[in-house]
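Novice: Let me begin by handing over the structure; questions about it come next.
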Amino acid sequence: SQKIEQNSEALNIQEGKTATLTCNYTNYSPAYLQWYRQDPGRGPVFLLLIRENEKEKRKERLKVTFDTTLKQSLFHITASQPADSATYLCALSDTGRRALTFGSGTRLQVQP
Amino acid sequence: EADIYQTPRYLVIGTGKKITLECSQTMGHDKMYWYQQDPGMELHLIHYSYGVNSTEKGDLSSESTVSRIRTEHFPLTLESARPSHTSQYLCASSEYVAGNRNTIYFGEGSWLTVV
Numbered sequence: 001s002q003k004i005e006q007n008s009e010a011l012n013i014q015e016g017k018t019a020t021l022t023c024n025y026t027n028y029s030p031a032y033l034q035w036y037r038q039d040p041g042r043g044p045v046f047l048l049l050i051r052e053n054e055k056e057k058r059k060e061r062l063k064v065t066f067d068t069t070l071k072q073s074l075f076h077i078t079a080s081q082p083a084d085s086a087t088y089l090c091a092l093s094d095t096g097r098r099a100l101t102f103g104s105g106t107r108l109q110v111q112p
Numbered sequence: 113e114a115d116i117y118q119t120p121r122y123l124v125i126g127t128g129k130k131i132t133l134e135c136s137q138t139m140g141h142d143k144m145y146w147y148q149q150d151p152g153m154e155l156h157l158i159h160y161s162y163g164v165n166s167t168e169k170g171d172l173s174s175e176s177t178v179s180r181i182r183t184e185h186f187p188l189t190l191e192s193a194r195p196s197h198t199s200q201y202l203c204a205s206s207e208y209v210a211g212n213r214n215t216i217y218f219g220e221g222s223w224l225t226v227v
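Protein chains in written order, with my numbering: chain A, 1 to 112; chain B, 113 to 227.
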């Protein structure tokens, strides 16, 4: 069956360090993979999209990699700040599927 | 900031009551969705729509129903609420882009508690 796996344990890091979150998937052939941020009690907000033929995508302090051989995406936040504390969701869609399927997310806590 | 609005944000109702959760977007998006999310858990797609008069069931079975009479409006209705319906309901929309490269814009969510 299709599965998207993100580390369910919270990631705690010190301010200024780089946070790295992992998204693994099985039985998907995604053309695109997306990352969203969700704050408590709010709807998710889109951060980055990466295509299957792109190895890496950057946006300010964010960097996403996409390895279709390993079926894995890594999401990095460099020079992390307490304001980066949130749950980060990866989402993907097979070509022809109706909508994005989301992973359960990883909660990031950045300590000052 | 996404132009998608949900009302009510918070609602507590009794078992057996009928409830409609409203969702409107001003971006002219063709595709709209309802996701259900319990606290700390993943989002599950319960309904989606490709456009006016088009509605489909999602991956998670739900006793709710939806309608799409206008492009901007996608209300969700529960005819007879039960405690098992207690959850957060998130409305979302996206442009129709070939290849499903659709970035989704979410509303703030409606928290429903059925007592």
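Where is the CB? At the ideal position from N, CA and C, for every residue including glycine.
1. Where do the ends of the beta strand (DSSP E) carrying B:Ser-199 lie?
2. Return the residue from the list A:Ala-10, A:Ile-50 and A:Thr-26 that minimises the CA-CA distance to A:Gln-109.
3. With DSSP as the reference, please indicate the residues paired to B:His-141 in a beta bridge.
4. Pick from B:Cys-135, B:Lys-130, B:Glu-154 and B:Asp-150: whose alpha carbon is nearest that of A:Tyr-36?
5. How about B:Met-153: is its C-beta nearer than 8 angstroms to some C-beta of chain A?
6. Quick one: is A:Phe-46 near chain B, going by C-beta distance under 8 angstroms?
7. Do the CB positions of B:Leu-190 and B:Glu-175 come within less than 8 angstroms of each other?
8. B:Phe-218 versus chain A: which residues are under 9 angstroms apart at the beta carbon?
9. Can the beta-carbon of A:Leu-62 be found less than 8 angstroms from the beta-carbon of A:Leu-49?
10. In whole angstroms, give me the CA-to-CA distance for A:Ala-86 and B:Trp-146.
11. Where does B:Ala-193 fall in DSSP's three states?
12. If I measure Cβ to Cβ from B:Gly-128 and keep anything under 6 angstroms in the same chain, skipping five residues before and after, which residues do I get?
13. Going along the chain, which unbroken runs of the beta strand (DSSP E) with 3 or more residues stay wholly within the stretch 44-108 of chain A?
14. How is B:Ile-181 classed by DSSP in three states: helix, strand or coil?
15. What in chain A is Cβ-close to B:Gly-221, meaning under 8 angstroms?
16. Does the beta-carbon distance from B:Gln-148 to B:Tyr-217 come in below 8 angstroms?
17. Can you tell me whether A:Asn-27 is helix, strand or coil according to DSSP?
18. Counting only Cβ pairs nearer than 9 angstroms, list the residues of chain A close to B:Tyr-117.
19. Suppose you measure from the CA of B:His-197 to the CA of B:Tyr-160; what does that come to, to the nearest Å?
20. Does any residue of chain B have a CB that is nearer than 8 angstroms to the CB of A:Gly-120?
21. Select from B:Pro-151, B:Gly-152, B:Ser-173 and B:Asp-142 the residue whose C-alpha is nearest the C-alpha of B:Val-164.
22. Under DSSP, the beta strand (DSSP E) around A:Thr-5 begins and ends at which residues?
23. For the putative contact between A:Thr-106 and A:Asn-7, defined by C-beta atoms under 8 angstroms, what is the C-beta separation to the nearest angstrom?
Specialist: Considering the structure as presented:
1. Indexing the second sequence from 1 puts residue 199 of chain B at position 87. Start and end: 199-206.
2. Start at 1 with the first residue of the first sequence, and residue 109 of chain A comes out as number 109. Answer by Cα proximity: A:Ala-10.
3. The residue given as residue 141 of chain B occupies position 29 in the second sequence. Bridge partners of B:His-141: none, in fact.
4. Taking the first sequence and counting its residues from 1, one reaches residue 36 of chain A at position 36. Looking at the Cα atoms, B:Glu-154 is the closest of the given residues.
5. Numbered from its first residue, the second sequence carries residue 153 of chain B at position 41. So, interface residue.
6. Your numbering for residue 46 of chain A matches position 46 in the first sequence. With 8 angstroms as the cut-off, A:Phe-46 counts as an interface residue toward chain B.
7. Here residue 190 of chain B refers to the residue found at position 78 of the second sequence. Here residue 175 of chain B refers to the residue found at position 63 of the second sequence. Yes, these two residues count as a Cβ contact at 8 angstroms.
8. Position 106 of the second sequence, counting from 1, holds the residue named residue 218 of chain B. Ordered by position in chain A, the residues that pass the 9 angstroms Cβ test against B:Phe-218 are Tyr-36, Gln-38, Arg-42, Gly-43, Pro-44, Val-45 and Phe-46.
9. Taking the first sequence and counting its residues from 1, the one referred to as residue 62 of chain A is at position 62. Taking the first sequence and counting its residues from 1, the one referred to as residue 49 of chain A is at position 49. No.
10. Position 86 of the first sequence, counted from the start, is the residue given in the question as residue 86 of chain A. Position 34 of the second sequence, counted from the start, is the residue given in the question as residue 146 of chain B. Their backbone Cα atoms lie some 22 angstroms apart in a straight line.
11. Translated into the one-based positions of the second sequence, residue 193 of chain B becomes position 81. Looking at B:Ala-193 - three-state DSSP - the assignment turns out to be coil, as it is neither helix nor strand.
12. Counting from one through the second sequence, the residue named residue 128 of chain B turns up at place 16. Within the same chain, B:Gly-128 has close Cβ partners Ser-192.
13. 45-51, 56-59, 62-67, 72-77 and 86-94
14. The count along the second sequence starts at 1 and reaches residue 181 of chain B at position 69. Coil.
15. As a first step, residue 221 of chain B is located in the second sequence; it is residue number 109 there, counting from the start. In chain order: Gly-41, Arg-42 and Gly-43.
16. One-based indexing of the second sequence puts residue 148 of chain B at position 36. One-based indexing of the second sequence puts residue 217 of chain B at position 105. In this structure, B:Tyr-217 does not lie closer than 8 angstroms to B:Gln-148 by Cβ.
17. Indexing the first sequence from 1 puts residue 27 of chain A at position 27. Coil at A:Asn-27, not helix or strand.
18. Counting from 1 along the second sequence, the entry for residue 117 of chain B is found at position 5. The premise fails here: B:Tyr-117 is roughly 11 angstroms from chain A at the closest Cβ pair, so nothing lies under 9 angstroms.
19. Counting from 1 along the second sequence, the entry for residue 197 of chain B is found at position 85. Counting from 1 along the second sequence, the entry for residue 160 of chain B is found at position 48. Cα-Cα distance, rounded: 18 angstroms.
20. The displayed coordinates of chain A run from 1 to 112. Any statement about residue 120 of chain A would go beyond what the structure contains.
21. Taking the first residue of the second sequence as 1, we reach residue 164 of chain B at position 52. Taking only the C-alpha atoms, the option nearest B:Val-164 is B:Asp-142.
22. Counting from one through the first sequence, the residue named residue 5 of chain A turns up at place 5. Position check: residue 5 of chain A holds Glu in this sequence, whereas Thr was assumed. A:Glu-5 -> beta strand (DSSP E) spans 3-6.
23. Stepping through the first sequence from its first residue, residue 106 of chain A is reached at position 106. Stepping through the first sequence from its first residue, residue 7 of chain A is reached at position 7. Rounded, the Cβ-Cβ distance is 5 angstroms, consistent with contact.
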